[in-house]
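Peer 1: At position 18 of the sequence shown (counting the first as 1) the number is 274 in the numbering used here, and the numbers step up by one without a gap.
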Amino acid sequence: MLPHIERLLRVKRDNGDWQIEPTFEEPKRAIFGIRSCDVAGIWHLDRFYLGREFRDPNYERRRKNLFLVNVVCTDPERDISDECF
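1. For Tyr305 versus Asp312, is the C-beta spacing smaller than 8 Å?
2. Alpha carbons only, please: which of Leu324, Ile336, Cys329, Asp338 is nearest the one belonging to Phe288?
3. Measure the C-alpha to C-alpha separation of Gly297 and Lys320 and round it to an integer number of angstroms.
4. For Glu316, which three-state DSSP category applies?
5. Give me the Cα-Cα distance between Ile336 and Thr279, rounded to the nearest whole angstrom.
So, in structure tokens, the structure goes:
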């Protein structure tokens with residue numbers, strides 16, 4: 257188990273049966289200075305893990321608490337190259 261994820265259990269009793277479910281407390285995070293090409297990659301991950309019939313609950317939980325701040329590349333001599341998208 258990762259140290260930054262706090263794992264808790266939710267216990268419910270329903271019609272005499274006990275149900276035990278893991279719950280997660282996910283911290284809110286922000287990433288500053290992420291490049292446009294990385295944001296495009298995250299968009300593809302979102303499309304795959306969140307945009308289909310079966311959603312990934314672990315990815316969805318982490319992504320919901322993630323705030324991204326984009327930096328746009330504007331200087332061809334310094335931060336734009338042939339490898340950019």
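Just so you know, even glycine gets a beta-carbon here, dropped at the ideal spot from N, CA and C.
Peer 2: Let's see:
1. Contact flag set, yes.
2. Sorting Leu324, Ile336, Cys329, Asp338 by C-alpha distance to the C-alpha of Phe288 places Leu324 at the top.
3. Between Gly297 and Lys320, the C-alpha separation is close to 17 Å.
4. Note: Glu316 maps to helix in three-state DSSP.
5. C-alpha of Ile336 to C-alpha of Thr279: approximately 43 Å in a straight line.
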